[in-house]
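In the UniProt record's numbering, the protein residues as written are 1 to 217.
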């Protein structure tokens, strides 16, 4: 099942998934601590909900980078998955029941751009791949691990890029080897951090589901 919404990068607005003329790219990113985020009211999502992004990030710059990389449509959780707040907050629980179990599907068919240092932020020296907030330590990014990926916020630092590529390659091997293997999946999830414990259950269900994933509650 495809996600509900997609970001049309040409028109710069969120539209229903079925509107997309081409398969959307996935945007994966590390979530910074709430103390380093800001809430943005934007016409991109029709002002439906405040969009949480890093305090030094800019959605327009993310859009420009994605367009320069060759994307026409993209799936970005903070824009395409209803977030907390907004006038229709009462709709979020119902949408999440269907949308959260299908998040991983947004990263299956096209390129995935990974912002390892936070959405829209450059990948620079000082990036700590072992911190609790690191992309490599978060529960949700397991299902966003794709063979067809590229670095977002690339600064051209070849040594840093090679380091990231090696870490990513190791994670990709681990994820591919753990699919449908409960013990290996639990081992991967054990060292991962998440906002809520139910996030780990949802991630486990996504990898173990053969055809359908259970609703998220």
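By construction, the Cβ of each residue, glycine as well, lies at the ideal position given by its N, Cα and C atoms.
In this text, all values refer to a predicted model and were calculated from it rather than measured experimentally.
In this structure, what does DSSP give as the bridge partners for residue i?
i, result
"residue 243", "Nothing in the structure corresponds to residue 243, since the chain is present only between 1 and 217."
"residue 6", "15"
"residue 146", "According to DSSP, residue 146 bridges with nothing at all."
"residue 134", "Residue 134 is not bridged to any residue."
"residue 141", "Answer by DSSP bridge pairing: none, since residue 141 is not bridged."
"residue 26", "75, 112"
"residue 167", "Bridge partners of residue 167: none, in fact."
"residue 193", "138"
"residue 151", "114"
Quick one: measure Cβ to Cβ for residue i and residue j, integer angstroms, because I've assumed they're closer than 8 Å.
i, j, result
"residue 9", "residue 71", "6 Å"
"residue 63", "residue 12", "6 Å"
"residue 37", "residue 16", "Between residue 16 and residue 37 the Cβ distance is about 27 Å, and since that is not below 8 Å, they are no contact."
"residue 129", "residue 167", "6 Å"
"residue 152", "residue 65", "7 Å"
"residue 112", "residue 68", "No, residue 112 and residue 68 are not in contact; Cβ-Cβ is about 16 Å, not under 8 Å."
"residue 7", "residue 73", "7 Å"
"residue 23", "residue 110", "5 Å"
"residue 189", "residue 200", "5 Å"
"residue 50", "residue 60", "In fact, because the Cβ distance is near 17 Å, the residues do not count as touching under 8 Å."
Let me make sure I understand the geometry here. Which of the options has the alpha-carbon closest to that of residue i?
i, options, result
"residue 175", "1, 125, 142", "142"
"residue 195", "91, 138, 3", "138"
"residue 203", "152, 172, 144", "144"
"residue 82", "67, 193, 48", "48"
"residue 193", "182, 86, 33", "33"
"residue 57", "121, 21, 115", "121"
"residue 125", "92, 162, 85, 149", "162"
"residue 119", "87, 201, 133", "133"
"residue 86", "146, 60, 68, 39", "39"
"residue 115", "101, 136, 108, 131", "136"
"residue 183", "146, 207, 170", "207"
"residue 46", "101, 146, 14", "14"
"residue 55", "31, 186, 19", "31"
"residue 169", "150, 185, 186, 187", "150"
"residue 171", "18, 146, 201, 186", "146"
"residue 131", "101, 35, 191", "191"
"residue 181", "205, 198, 164", "205"
"residue 165", "189, 187, 201, 123", "123"
"residue 127", "61, 160, 198, 100", "160"
Count the C-beta pairs between the stretch 26-44 and the stretch 64-82 that are closer than 8 Å, then say yes if the count reaches three, no if not.
yes
Answer yes if the stretch 96-104 comes into contact with the stretch 154-162, meaning at least three C-beta pairs across the two stretches below 8 Å, and no otherwise.
no
In the stretch 55-84, which residue ranges form an unbroken alpha helix (DSSP H) of at least 4 residues, counting only runs that do not cross its ends?
59-69, 77-80
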